[in-house]
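In what follows, a structure is listed as structure tokens, so that the remarks can point back to it.
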Amino acid sequence: MKYFIILVTLIAAGLIVFNVSMLDFNNLFEGQSIVALITIFASLCAIILLQVLRFSKRVDQKLKGNA
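Take the sequence shown: its letters are residues 107 to 173, numbered as in our numbering.
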């Protein structure tokens, strides 16, 4: 599970980098730029959710170790 979380986080980070290069800063909310912004936001959400999952797994392991 740890490697899966790392892999998906790296893929999401790669998508962010790719979509930042697709942005047209003169027309940020038109055409392909809005699609890139939505994808950047979705990738950030995925990274946050994966880090919450990673943290909860770590807490679960510590609680099972103490019980």
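All C-beta atoms, glycine included, are put in the ideal place defined by N, C-alpha and C. Given the structure is predicted, the values throughout are model-derived calculations rather than measurements.
Span of the alpha helix (DSSP H), counted from its first residue to its last, around residue i
i, result
"G120", "108–128"
"L159", "138–172"
Exposure label - residue i; buried when at least 16 CB within 10 Å
i, result
"N125", "buried"
"S127", "exposed"
"I144", "exposed"
"I117", "exposed"
"I154", "exposed"
Beta-carbon gap between residue i and residue j smaller than 8 angstroms
i, j, result
"L150", "I112", "no"
"T115", "L156", "yes"
"M107", "K170", "no"
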